[in-house]
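Participant:
Protein chains in written order, with the numbering used here: chain Z, 1 to 167; chain Y, 1001 to 1676.
#1: What in chain Y is Cβ-close to residue 86 (chain Z), meaning under 7 angstroms?
#2: Among the residues of its own chain, which have a CB less than 6 angstroms from the CB of residue 1678 (chain Y), if the five just before and after it don't count?
#3: What residues from the region 1285-1306 of chain Y come within 7 angstroms of chain Z, judged by C-beta to C-beta, listed N to C?
#4: Mind listing the chain Y neighbours of residue 183 (chain Z)? Cutoff is C-beta to C-beta under 8 angstroms, in chain order.
#5: Which residues mark the beginning and the end of the alpha helix (DSSP H) in which residue 1522 (chain Y) is found?
#6: Please report the distance separating the alpha-carbon of residue 1028 (chain Y) from that of residue 1191 (chain Y).
#7: Just tell me which of Y:1381, Y:1374 and Y:1296 has its CA closest to the CA of residue 1344 (chain Y).
#8: List the residues of chain Z whose Cβ lies closer than 7 angstroms to the Cβ of residue 1360 (chain Y), in chain order.
#9: What residue does the beta strand (DSSP E) around residue 1566 (chain Y) start on, and which one ends it?
#10: Taking residue 1221 (chain Y) as the reference, which of Y:1235, Y:1205 and Y:1233 has the closest Cα?
#11: What does residue 1605 (chain Y) reach in chain Z if we use C-beta pairs closer than 8 angstroms?
#12: Quick check on the DSSP output: the beta strand (DSSP E) that includes residue 1642 (chain Y) runs from which residue to which?
#13: Could you list which residues in chain Z have their beta carbon closer than 8 angstroms to that of residue 1398 (chain Y), in chain order?
#14: Can you tell me the Cα-Cα spacing of residue 1299 (chain Y) and residue 1250 (chain Y), whole angstroms?
#15: Within the same chain, show all residues whose beta-carbon is closer than 6 angstroms to that of residue 1018 (chain Y), passing over the 5 residues directly before and after it, in chain order.
#16: Should residue 1172 (chain Y) be labelled buried (16 or more other beta-carbon atoms within 10 Å of its own) or exposed?
#17: For a contact meaning CB atoms closer than 9 angstroms, what does residue 1390 (chain Y) contact in chain Z?
#18: Using a Cβ cut-off of 9 angstroms (strictly closer), state whether residue 1254 (chain Y) contacts chain Z.
#19: Run through chain Z and tell me which residues come within less than 9 angstroms of residue 1518 (chain Y), C-beta to C-beta.
#20: So, are the CB atoms of residue 1147 (chain Y) and residue 1281 (chain Y) less than 9 angstroms apart?
#21: From what residue to what residue does the alpha helix (DSSP H) around residue 1587 (chain Y) run?
#22: Tell me the DSSP secondary structure of residue 1413 (chain Y) in three-state form.
#23: On the criterion of 16 or more Cβ atoms from any shown chain inside 10 Å, does residue 1373 (chain Y) qualify as buried, or is it exposed?
#24: In angstroms, rounded to a whole number, what distance separates the CA positions of residue 1687 (chain Y) and residue 118 (chain Z)?
#25: Would you check if the distance between the CB atom of residue 1477 (chain Y) and the CB atom of residue 1448 (chain Y) is smaller than 9 angstroms?
#26: Is it buried or exposed for residue 67 (chain Z), if we count other Cβ within 10 angstroms and need 16 for buried?
#27: Residues of chain Z with CB under 8 angstroms from residue 1262 (chain Y), in chain order?
#28: Does the CB of residue 1551 (chain Y) have a neighbour CB from chain Z at under 9 angstroms?
#29: Leaving out the 5 sequence neighbours to the left and right, which residues in its chain are closer than 8 angstroms to residue 1354 (chain Y) when beta-carbon positions are compared?
#30: To the nearest angstrom, how far is the alpha carbon of residue 1262 (chain Y) from that of residue 43 (chain Z)?
#31: Which value, in whole angstroms, describes the spacing of the CA atoms of residue 1516 (chain Y) and residue 1427 (chain Y)?
#32: Go through the region 1432-1464 of chain Y residue by residue and report every complete run of the alpha helix (DSSP H) that reaches 4 residues or more, in order.
#33: How would you list, in chain order, the residues of chain Z whose beta-carbon sits under 7 angstroms from the beta-carbon of residue 1543 (chain Y)?
#34: Using DSSP with H/G/I as helix, E/B as strand and the rest coil, what is residue 1626 (chain Y)?
#35: Could you tell me which uninterrupted alpha helix (DSSP H) segments, each at least 4 residues in length, are contained entirely in the region 1327-1404 of chain Y, listed from first to last along the chain?
#36: Restricting to Cα atoms, I'd like to know which of Z:53, Z:82 and Z:128 is closest to residue 40 (chain Z).
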């Protein structure tokens, strides 16, 4: 009986300690973290003023942006990550406050068009060169005398350089 | 009186430009040289007429005739004379009038050139240029007229109108609102006119291209006339963009020069296709290929010029640069549609005629390199168009506003710019016709090895920044290749002709100045890119609140806060000005005065940074906040911008190179006749 009571009491102490520890860590997480202006600007530079056109929050001189920066500072002080702060502002004020559009819906085109265009244009380039390599040239209209003169000079110069490199 | 004269001449010029279009078409159809000549003269006369209109407008702005709505909105007694004159292009109707005036001047020169060198082109150059002019004059006359005055109606309402409404009387405000505070800068003198000169300049090559298509000329005659215009337009547009960057850097106070703002991007787009055209026209001249491509490229550039003007004025873009929302957007859209459909129709009509006469012999030839250069510029254009149009589409179709910021642009355009730099490094070593891979390898290995020294030194001496190192290696490769190729030519000449190196350098340059002008342009671009790399990859910044005589440390610099004064100017601008000193290694090297100007009338602040500049870096100090009254403490944002000044130096070098490339070749004896 004594033994079981001792076990029970030591279990209660451990439970209390565990609860205390959990509370302490939660309290620590909520306690304000020191936030510098640079920390605020790091996040603010990724957000846009809702009033001014295309001005980022870190440099916008309006009162509303000053209030936003303070709100942002408060969230960083609570230990929020940069992304959590950005997500919060996007959720509150819409996607336009972030300079990086979401990868969903119509804005997926922003992420799809550039690589697709790159592949198509470069492939097109190779096909064009191949096509033009195979083409049988038609009668050529003469280049302007100035251009022809410049070409002749250049050809001679390049031949000379070639010889020089072979030495 | 002067205003009625201005308005009258404006209407007369509109009628004359429409007459020129009609006379040119009728003259061609009826084979009437007299009508064509009349159209040519009508085109020429639009320039002096619009010059009178411009002078009247300048007079009204400079003398403060605030009864005119445009003068009331853009000019002010508090602004210096030069700013009141620049107000001509500070607002919508004035800038459109200015556009029209520049176009009339360019058209007069182009028509004269066509008449002298390619007579059959003349009527079609008249049609294109005067149709475009008429479009602008139509807007300026009937939709947004700078001569509209302010009237008070009997019911107390205030309206603006060109003619007096019944029972109204004219209002004479004692002063005007003046330009937006951000525009009250010397940058206003040159930045917008340079952009407009660039825009207008591209109208002329387009008109030559259209003339060639209509007259069924498949040779390079149009290109010979268009090439100089394209180069000049490209240079002016480039200067305009650089001046805009400089202005943003010195006035907006955010430590950068390019914010990927939609209107900035809209002005960049025609420059991108223009750059592609400036390169590709030489392929047609030298190799007689890509005829369709060149026509398509100049059509695209012209459409993008109008599109860019449309974007700034339609109100569909949210930007610090955009004009207020107005009804002229749909008119611009209609004009672009007409131009695009007509051009496309002409290209399809002449498709067979535009078949290439030459062939490509190698993947490593110069024409092949230019083709890929062109494709990369088109890719950049597509990326930029996606970036500015998608938010518009999202707003229109999804009712969701989006912002496409610098991060997206840097991510998408960065690799393309890197590929362009790599091409720029290789192209000087390629030749027209065929270049074997082996021959290219033989030419490139020495400069490539030398260029590797730069990344090696960077890896050994600085913190690792792979993107920065890659970019700097590409720049050193271009420099090494250019100098090796240039040096080889000079060295061979000096040895062969037994000349001094400097004499040989001058003679080699003069002998092939188009090519070496291009090389100097490339060196200018290397310098510009050096500035970009410095700020993009090596910029450092901090924001700190400091007390009097306390310092902020950044990258070896100490910025010490000394004093802050608050004052108000006679014209009601509140100025807060801080005094700081900049020291390095304990030695004071500069005294700066960053300030914040507040315009109560506009409820707008203008941040003017204090900048310490050297060839190696800028220290850029912005006054962010301060303790009122006591000024015991102030907050400063300090940016360390390495290499940024090379951006501005490179721009000057680029212009010098372009001038060298522009100078016409002197025909040798016996060639003159042949050329004619």
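Quick reminder that beta carbons are idealized off the backbone N, C-alpha and C, glycines included.
Facilitator: According to the data block:
#1: Ordered by position in chain Y, no residue passes the 7 angstroms Cβ test against residue 86 (chain Z), which lies about 12 angstroms from the chain.
#2: No answer is possible for residue 1678 (chain Y): it lies beyond the span of chain Y, which begins at 1001 and ends at 1676.
#3: 1285, 1286, 1288 and 1289
#4: Any question about residue 183 (chain Z) goes unanswered here, given that chain Z covers just 1 to 167.
#5: For residue 1522 (chain Y), the enclosing alpha helix (DSSP H) stretches over residues 1513-1538.
#6: 40 angstroms
#7: Y:1296
#8: 129, 132 and 133
#9: 1557-1568
#10: Y:1205
#11: 61
#12: In this chain, the beta strand (DSSP E) harbouring residue 1642 (chain Y) covers 1633-1642.
#13: Chain Z residues near residue 1398 (chain Y): 105 and 106.
#14: 36 angstroms
#15: 1134
#16: exposed
#17: Against chain Z, a Cβ distance below 9 angstroms from residue 1390 (chain Y) picks out 101, 106, 107, 109, 110 and 113.
#18: yes
#19: Against chain Z, a Cβ distance below 9 angstroms from residue 1518 (chain Y) picks out nothing, because the smallest value is about 12 angstroms.
#20: no
#21: Segment 1587-1592 is the beta strand (DSSP E) holding residue 1587 (chain Y); no alpha helix (DSSP H) there.
#22: helix
#23: buried
#24: No information on residue 1687 (chain Y) is available, as it lies outside the stretch 1001 to 1676 that chain Y covers here.
#25: yes
#26: exposed
#27: Contact note: residue 1262 (chain Y) reaches chain Z through 54, using a C-beta cutoff of 8 angstroms and chain order.
#28: no
#29: 1218, 1291, 1292, 1295 and 1347
#30: A direct Cα-to-Cα measurement between residue 1262 (chain Y) and residue 43 (chain Z) gives close to 22 angstroms.
#31: Going by the C-alpha atoms only, they are around 13 angstroms apart.
#32: 1437-1461
#33: 37, 38 and 41
#34: Note: residue 1626 (chain Y) maps to strand in three-state DSSP.
#35: If only uninterrupted alpha helix (DSSP H) runs of at least 4 residues are considered, those enclosed by the region 1327-1404 of chain Y are 1329-1349 and 1366-1393.
#36: Z:82
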